[in-house]
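Engineer: Dropping the structure in here first, questions after.
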Amino acid sequence: DGGITQSPKYLFRKEGQNVTLSCEQNLNHDAMYWYRQDPGQGLRLIYYSQIVNDFQKGDIAEGYSVSREKKESFPLTVTSAQKNPTAFYLCASSTQRGQRYEKLFFGSGTQLSVL
Amino acid sequence: AQTVTQSQPEMSVQEAETVTLSCTYDTSESDYYLFWYKQPPSRQMILVIRQEAYKQQNATENRFSVNFQKAAKSFSLKISDSQLGDAAMYFCAYGVGIQGAQKLVFGQGTRLTINP
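The listed protein sequences derive, respectively, from chains A and B.
In short: position in the first sequence from 1, add 2, done, that's our numbering.
In short: position in the second sequence from 1, add 687, done, that's our numbering.
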């Protein structure tokens, strides 16, 4: 079945450590996204990528980095510069049909906590 | 900047009754998309219903329907014949296309409880 796979489901970060969250999709979608969700809050966009080898900052990109070397993969690195990384991270993908955009498909998320 | 406001942090309804969740948004764009997503305790984001702004007809999906008032920038969700499985956080979202990607802005969410 086509879908988006995020791993790991739970991740713990030590002080000063960089950690990488994985996101893989087999939907053949061009666009991929990373969102952050804090408890009781809506989702906020961190980064998005419209095509391989290109990506754009979202609304809260500071302290995060991404890469898009393959169409299927869009990993997110939470760097030590992100001082409040504890949150639920959701990856998503989407495609276009002509001039219209299709819905976003979401992964099942990664919960990141600070030790 | 675009903003999405959900003014009801929590709502509750009796099973089999009807409930309406409110959402307003602010934008200067003319072409955009509106969504309602459901997030159950599993935290999986599930699309409930989607509306394209250029379409005047309100979207419906089985027991779910929207009241889209473009001039008022309002996009409410009506759930008919509420079921226990409808209990979840509901997020309203506004989206615009940007060269192949779709940027979504989410509201703060409404927690819906279904009373048996």
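Where a beta carbon is used, it is the ideal one built from N, C-alpha and C, also for glycine.
1) For A:K73 and B:G782, what's the separation of their Cα atoms in angstroms?
2) If we cut at 9 Å on Cβ distances, does B:F805 have a partner in chain A?
3) Thinking just about the alpha-carbon of each residue, which of A:Q52, A:I48, A:L13, A:F76 is nearest to the one in A:G65?
4) Please list, in chain order, the chain B residues whose beta carbon lies closer than 9 Å to that of A:A33.
5) Please tell me whether B:Q786 and B:F762 are closer than 9 Å, where the distance is taken between their beta carbons.
6) Does the distance from the CB of B:G799 to the CB of B:A758 come in under 9 Å?
7) Tell me B:K765's beta-bridge partners as DSSP assigns them.
8) Could you tell me the alpha carbon to alpha carbon distance between A:C93 and A:Q43, rounded to whole angstroms?
9) Could you check what DSSP says for B:D713 in three-state terms: helix, strand or coil?
10) What whole-angstrom Cβ distance do B:V706 and B:V700 have, given they're in contact under 8 Å?
11) Which residues in the same chain have their Cβ closer than 7 Å to the Cβ of A:T88, if we skip the five residues on either side of it in sequence?
12) Look at B:L764 and B:W723 and say whether their C-beta atoms are less than 9 Å apart.
13) Output yes if chain A places a C-beta closer than 9 Å to the C-beta of B:L734; else output no.
14) Determine the direct distance from the alpha carbon of A:E104 to that of A:G4, and round the result to whole angstroms.
15) Using C-beta distances below 8 Å, list every residue in its chain close to A:P77, excluding the 5 sequence neighbours before and after it, in chain order.
16) Hey, is B:A780's beta-carbon within less than 9 Å of any beta-carbon in chain A?
17) Give the range of the beta strand (DSSP E) segment to which A:I62 is assigned.
18) Excluding the five sequence neighbours on either side, which residues of its own chain have a C-beta within less than 8 Å of the C-beta of B:A780, listed in chain order?
19) In or out: A:F14 buried (at least 16 other Cβ within 10 Å) or exposed?
Structural biologist: Taking the structure as given:
1) Distance from the CA of A:K73 to the CA of B:G782, rounded to the nearest whole angstrom, comes to 22 Å.
2) Since the displayed chain B opens at 688 and closes at 803, residue 805 of chain B lies outside it and no answer follows.
3) Nearest option by C-alpha distance: A:I48.
4) G787, A788, Q789
5) Not in contact: B:Q786 and B:F762 (Cβ atoms no closer than 9 Å).
6) It is Leu, not Gly, that sits at residue 799 of chain B in the sequence shown. No, these two residues do not count as a Cβ contact at 9 Å.
7) According to DSSP, residue pairing for B:K765 in a beta bridge involves B:T707, B:S752.
8) Approximately 16 Å between the Cα atoms of the pair.
9) strand
10) With a beta-carbon spacing of about 4 Å, B:V706 and B:V700 fall inside the 8 Å limit used to define contacts.
11) L114, S115, V116
12) yes
13) yes
14) Spanning the two alpha carbons is a distance of roughly 15 Å.
15) T22, L23, S24, C25, V68, S69
16) Chain A, which has a Cβ nearer than 9 Å to the Cβ of B:A780, makes this yes.
17) That residue, A:I62, is in no beta strand (DSSP E); it is neither H nor E in DSSP.
18) V691, L721, F722, W723, Y724, L791, V792, F793, G794
19) exposed
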